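Heads up, the sequence shown is in numbering that gives the first Met the number 0, so the first residue is 0 and it goes up one at a time. First up is the structure itself, then whatever we jot down about it.
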Amino acid sequence: MPGFATRTSAADTDVVCLGESMVTFLPSRPGRLADVPSFSRGIGGAESNVACALAASGHRAKWVGRVGADGFGDHLVDTIAGYGVDTSAVRRDPHRPTGVYFRTATDRATDTYEVAYYRAGSAASAMSPDNVPYEDLLTGRVLHLSGITAALSADCLALLHDLTAAREGRPLISFDVNHRPGLWRTGDAGPEVLLALARRSDLVFVGEDEAEEAWGVRGADAIRTALPEPEVLVVKRGADGATVFARTGGGQADTVTPVPALHVDVVAAVGAGDAFAAGFLSATLRDLPMRDRARHGHLTAAAVLTVPGDLTAPPARAHADRLAALDDTAWETLRLGPGWTAAGQAPEEVRVT
């Protein structure tokens, strides 16, 4: 990425991720929330998911957030730290709880699922420029943010607005739009806020569908027109893959790199976008070509798509590098199912000789 190495080479943390993480309750069997008798506990949160995947891939990742002074907060911090993430900057709030949510299994016939959030008034929603440690946020090579945080409260929005402001020595700002209409308060101009934050960022991830829903913009080229400022724009196009727009050589002209998606036997779609961002960031930190950055995004997403929860170990780096280096025909014929990352070995249907 232009300017990336020179701006950030002295940092002692690769990626700092700021946002809310919650305890997740996954169903013991398929069915409506009203009918599921029990749930197993996990964790979920867009930014902490990215931090966990990056740490599991061998990068120095830090998660910054706020949790309640409760058992759920303990569980979150311990679990995220268990992935190798630095959680030293996490703050405890004695007055507000840790957020939780419940979800159902994906209905394969309709590709839908239910989610019930209990996050209003959470500890994370109280994050602001006055209580978040900037010395931790601004010392990484990359600061990863998402639009979810902006929607949590006016104070959270003020924090993101400040962090994306131009300042000397600013780390590379990675921003995942993550448009969640249900999180925005009545009267808030959520789409306009997200567009403004994206335009102040260096690397932006946005889904083609969410760009159309939020901004009425259809197609990758039109999204780039709406977001001309980021050095790199990644438009995620679902089953059609991703298109990467990148300015090179300090000029205004883009190189445009379309990268087909993989064929994946999906177990659950939750967490795939976060995993894609982690894979792309991991390859960015290694200064790989844009095609391979997107391919690593697809591979890391495929690891999560083939498990029930938000998180799983990403493919071993050597394994992912091997698959990302395939020629176009071999890449487009890969099919990945549950267990494909085990022991770093490709299953029979994706074995490469």
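The beta-carbon is built from N, C-alpha and C at its ideal position, and this holds for glycine as well. In this text the structure is predicted, and so the values were computed from the model without any measurement.
field: Neighbourhood of Asp69 by C-beta, 7 Å cutoff - its chain only, sequence neighbours within 5 removed
entry: The count along the sequence shown starts at 1 and reaches residue 69 at position 70. The beta carbon of Asp69 is closer than 7 Å to those of Pro96, Thr97 in its chain, skipping five residues each way along the sequence.
- prompt: alpha helix (DSSP H) containing Leu194: first to last residue?
  reply: Looking up residue 194 in the sequence shown gives position 195. Leu194: member of the alpha helix (DSSP H) spanning 189-198, first to last residue.
- request: In the DSSP assignment, find the unbroken beta strand (DSSP E) run with Asp286 in it and report its ends.
  value: Residue numbering aside, residue 286 sits at position 287 when the sequence shown is read from its first letter. Neither: Asp286 is in no beta strand (DSSP E) and is coded neither H nor E.
message: Quick check on Pro313: buried or exposed, where buried means 16 or more other Cβ atoms within 10 Å of its Cβ?
response: Along the sequence shown, read from residue 1 onward, the residue named residue 313 stands at position 314. Around the Cβ of Pro313, a 10 Å sphere holds 16 or more other Cβ atoms; the residue is buried.
- request: Provide the residue span of the beta strand (DSSP E) that contains Ser39, from first to last.
  value: Here residue 39 refers to the residue found at position 40 of the sequence shown. Boundaries of the beta strand (DSSP E) around Ser39: 38-43.
task: Provide the residue span of the beta strand (DSSP E) that contains Asp253, from first to last.
output: Here the question's residue 253 lines up with position 254 in the sequence shown. Start and end: 253-258.
query: Helix or strand or just coil, what does DSSP make of Leu226?
result: For this step, residue 226 is matched to residue 227 along the sequence shown. Coil.
message: Using 8 Å for Cβ pairs, my map puts Val141 next to Leu162. What's the rounded Cβ distance?
response: Numbered from its first residue, the sequence shown carries residue 141 at position 142. Numbered from its first residue, the sequence shown carries residue 162 at position 163. Rounded, the Cβ-Cβ distance is 12 Å, inconsistent with contact.
task: Return helix, strand or coil for Thr305, following the three-state DSSP convention.
output: If you number the sequence shown from 1, residue 305 lands on position 306. It is coil, neither helix nor strand.
- request: Note down the Cα distance separating Leu322 from Ala88, rounded to an integer number of angstroms.
  value: If you number the sequence shown from 1, residue 322 lands on position 323. If you number the sequence shown from 1, residue 88 lands on position 89. Going from the Cα of Leu322 to the Cα of Ala88 covers about 36 Å.
query: Considering only the beta carbon of each residue, do Asp135 and Val233 sit closer than 8 Å?
result: Mapped onto the sequence shown, residue 135 falls at position 136. Mapped onto the sequence shown, residue 233 falls at position 234. No. Outside cutoff.
- prompt: When the Cα of Ser39 is compared with those of Phe101, Gly67, Asp73, which residue comes out closest?
  reply: As a working note, residue 39 is residue 40 in the sequence shown. Out of Phe101, Gly67, Asp73, Phe101 has the C-alpha closest to the C-alpha of Ser39.
query: Val231 and Ala245 look like a contact to me (Cβ under 8 Å); what is the Cβ gap, rounded to whole Å?
result: Walking along the sequence shown from the start, residue 231 turns up at place 232. Walking along the sequence shown from the start, residue 245 turns up at place 246. Your pair Val231 and Ala245 checks out as a contact, with CB atoms roughly 5 Å apart and the cut at 8 Å.
query: Buried or exposed: which applies to His58, given that a residue is buried once 16 or more other Cβ atoms fall within 10 Å of its Cβ?
result: Here residue 58 is taken as the residue at index 59 of the sequence shown, counted from 1. Under the 10 Å beta carbon count, His58 is surrounded by 16 or more other beta carbons and is classified as buried.
query: In angstroms, rounded to a whole number, what distance separates the CA positions of Pro128 and Ile42?
result: Indexing the sequence shown from 1 puts residue 128 at position 129. Indexing the sequence shown from 1 puts residue 42 at position 43. Approximately 26 Å between the Cα atoms of the pair.
Segment contact, 8 Å Cβ cut-off, at least three pairs: the segment 277-285 with the segment 296-304: Judged by Cβ distances under 8 Å, the segment 277-285 makes contact with the segment 296-304, as three or more pairs qualify.
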